[in-house]
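See below for the structure under consideration.
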Amino acid sequence: MDIGAQDGLFDESAAPRMGVVDDGRVDANGGVNKRFRAFEPDAVMLVPPSLDEWLPEGHLARFIAELVDHELDLTRFYKSYAKAKGQPPYDPRLMLRIVFYGYCVGVRSSREVERACTDVVAFRWLAAQQGPDFRSIARFRERHLAALANVFLQALELCQAAGMVSLGRVALDGTKVRANASRHKAMSYARLTAKQKVLAEEISALMEEAKTVDADEDARFGPGKRGDELPAELANRERRAAAMATARASLEKEAAAKARQLAEEKARKRGDDDDDITAAGNKAAAEAEPKPTAQRNFTDPDARIMKTADGSYHYCYTGQAVVDADHQVIVATLLNNVAVDIQQLAPMIQRTMDTAGAMPKNWSADAGYCSAANLEHVKDVEAEHATEFFISTRRMKHATPVPESPRGRIPANATLTGRMARRLKTKKGKRIYGRRKAIVEPVFGQIHTRQGKHLLLRGMEKAAREWELLAGCHNLLKLHTYRTSQAI
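No gaps in the numbering here: position 463 of the sequence shown is 473 in the working numbering, and each next residue is one more.
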């Protein structure tokens, strides 16, 4: 026997060999002992496929479809179609399906939704293979924006009916929401004033030039030819001048309102009568001037520059939310353009009563809501309703524990701030306030992560309604999770 063959583990001549094509790849017919699944891209289906087979049971899209078709009240959407004439529009159920699902998964742009109705199975299933164009989607959202915002109330009612909201413990907080506005499309009051003068001179010079050109054309072509159209350069400058005038007027109006409010508050503290208070406010408003650094944005004049969590500055709105501790359901929400939270406590308390229909038993809020006026208001609310507030009186980092409670009775001359501080140091206060950040802050994180940090719509009214729609879709996601867990 050959020595080389004896050194091997087996006779290599008996081993099967794979066929090899000329370019070095394994021949498709070489692996004769391996079977693959049938793959026929050009095969024709003998039986039409069912849309119901596209998505698994329990999918979020099925949940949204069930809500739109059977649980939500769509009367406000259908009532707006009062005329029978014209091209038949898309069924509101179709549009609501894709809009709600898009807002739940972070696909909110009308162009993105249009692409998704072709590329994404869930959207195609919701749209029943119809493909609304982005203009139809955008027009539907704009036309029914108030009704879409009303879905927040309907979603809250569904969560309450499912037993997800007890109002035993709620937490109040605010978050910065980016506006659809560029920082490069804004000017300060000082620069606006200077730029307006430059633009006025440029427009005046261009108008004189336009008159000269018109006269020459009349001489060349006759007076019957039109020559009153503005040159493109002049029209553009006039639009910029109009935008600057609007922005400047807005800054001056805001400065006058602030000056009037401060002057009237000082007059009230002095004990002046109503006429003197009004006179003081009018005088302060007439003399008020905006700060040179005060800015106004041209794309969204209602947005304000605010410092965000990452330390940077952006044009933002502030979203307020009251969140129930049981399942992190938002029970009340508002949107404003004020960077601080101190003025939002009283409106959010009233808003909670309006939307939830009852007063929560325990409230918790951070130091941003603490002021003498707010604590006085809280005292009145506690006396009228069976509720209790736990508001931090000083800013503390998340990892900082609440100090130990001093022993003994609360001094008779203790201020409202001192009494609230003592309340937070009790065992009950530590237990309730210690859960504040775990109740409300994850909600903002979930919205920012899954649904987006930006608002698409501009202007306070539209932005507020879009924020309510985002909050409503957050509650729908919570309801979907809850029903899925109950079905297991």
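We treat Cβ as the ideally placed atom computed from N, Cα and C, and that holds for glycine.
_Beta-bridge partners of CYS326, as assigned by DSSP_ = If you number the sequence shown from 1, residue 326 lands on position 316. Looking at the DSSP assignment, CYS326 forms a beta bridge with ARG188 and ARG314.
*Below 9 Å between beta carbons: does that hold for ALA375 and ASP183?*
As a first step, residue 375 must be located in the sequence shown, where it is residue number 365. As a first step, residue 183 must be located in the sequence shown, where it is residue number 173. Their beta carbons are under 9 Å apart, which means ALA375 touches ASP183 by this criterion.
*Comparing alpha-carbon positions, which option in LEU56, LYS93, LEU465 and VAL54 lies nearest ASP312?*
Translated into the one-based positions of the sequence shown, residue 312 becomes position 302. With distances taken between Cα atoms, ASP312 lies closest to LEU465.
*Since GLN461 and TYR111 are thought to touch, with beta carbons under 8 Å apart, how far apart are those beta carbons, to the nearest angstrom?*
If you number the sequence shown from 1, residue 461 lands on position 451. If you number the sequence shown from 1, residue 111 lands on position 101. Actually they are not in contact, since the Cβ atoms of GLN461 and TYR111 sit about 11 Å apart, beyond 8 Å.
_For GLN354, tell me which candidate among LEU136, VAL117 and HIS387 has the shortest Cα-Cα distance._
By 1-based counting over the sequence shown, the position of residue 354 is 344. Answer by Cα proximity: HIS387.
*Given MET358, which residues of its chain have a CB within under 8 Å of its CB, disregarding the five upstream and five downstream residues?*
The residue given as residue 358 occupies position 348 in the sequence shown. Excluding residues within five positions, the ones whose Cβ falls inside 8 Å are LEU182, GLN330, VAL332, ALA342 and LEU344.
*Locate the beta strand (DSSP E) running through ILE498, then write down its first and last residues.*
One-based indexing of the sequence shown puts residue 498 at position 488. From DSSP, ILE498 is part of no beta strand (DSSP E); its letter is neither H nor E.
_ILE340 beta carbon less than 9 Å from that of LEU166_ = As a first step, residue 166 must be located in the sequence shown, where it is residue number 156. As a first step, residue 340 must be located in the sequence shown, where it is residue number 330. Closer than 9 Å, so yes.
*With a threshold of 16 other CB atoms inside 10 Å of the CB of PHE73, please say whether the residue is buried or exposed.*
Locating residue 73 in the sequence shown gives position 63, counting from the first residue. Its Cβ being crowded by 16 or more others within 10 Å, PHE73 is buried.
*From which residue to which residue does the alpha helix (DSSP H) around ALA6 run?*
Shown here, the chain extends from 11 to 498; a query on residue 6 therefore has no answer.
*Quick one, are the C-beta atoms of THR365 and LYS186 less than 9 Å apart?*
Your numbering for residue 365 matches position 355 in the sequence shown. Your numbering for residue 186 matches position 176 in the sequence shown. No, they are not a contact pair.
*Are the Cβ atoms of LYS371 and THR397 separated by less than 9 Å?*
Translated into positions along the sequence shown, residue 371 becomes position 361. Translated into positions along the sequence shown, residue 397 becomes position 387. Taking 9 Å as the Cβ cut-off, LYS371 and THR397 qualify as a contacting pair.
*Expressed to the nearest angstrom, what Euclidean distance is found between the alpha-carbon atoms of ILE315 and MET363?*
By one-based count along the sequence shown, residue 315 stands at place 305. By one-based count along the sequence shown, residue 363 stands at place 353. In a straight line, the C-alpha of ILE315 is about 31 Å away from that of MET363.
*Touch check for the region 112-127 and the region 479-488: three-plus C-beta pairs under 8 Å?*
yes
_Going by DSSP in three states, ALA422 sits in which element: helix, strand or coil?_
Sequence index remark: in the sequence shown, residue 422 carries index 412 (1-based). Coil, per DSSP.
*asked:* Under DSSP, the alpha helix (DSSP H) around THR343 begins and ends at which residues?
replied: On the sequence shown, residue 343 is found 333 positions in, with the first residue counted as 1. That residue, THR343, is in no alpha helix (DSSP H); its beta strand (DSSP E) goes 340-346.
*Distance, Cα to Cα, ALA48 vs GLU63?*
Here the question's residue 48 lines up with position 38 in the sequence shown. Here the question's residue 63 lines up with position 53 in the sequence shown. Between ALA48 and GLU63, the C-alpha separation is close to 20 Å.
*For LEU434, the nearest candidate out of ALA368, THR403, VAL348 and THR459 (CA to CA)*: Here residue 434 is taken as the residue at index 424 of the sequence shown, counted from 1. For LEU434, the nearest C-alpha among the options comes from THR403.
_Starting from ILE401, trace the beta strand (DSSP E) in both directions and tell me its first and last residue._
Within the sequence shown, the letter at position 391 stands for residue 401. 398-401 is the extent of the beta strand (DSSP E) around ILE401.
*Report all residues from its chain with a CB closer than 6 Å to the CB of VAL161; omit the five preceding and five following residues, and keep chain order.*
In the sequence shown, counting from the first residue as 1, residue 161 sits at position 151. So the list reads GLY482, once near-sequence residues are dropped.
*Where HIS458 and ALA269 are concerned, what is the direct C-alpha to C-alpha distance, given to the nearest angstrom?*
Residue 458 sits at position 448 when you count from the first residue of the sequence shown. Residue 269 sits at position 259 when you count from the first residue of the sequence shown. Taking the straight line from one Cα to the other gives about 36 Å.
_Between which residues of its own chain and LEU426 is the CB-CB distance below 6 Å, once the five residues before and five after are set aside?_
Numbered from 1 along the sequence shown, position 416 holds the residue referred to as residue 426. The answer, listed in chain order, is LEU385.
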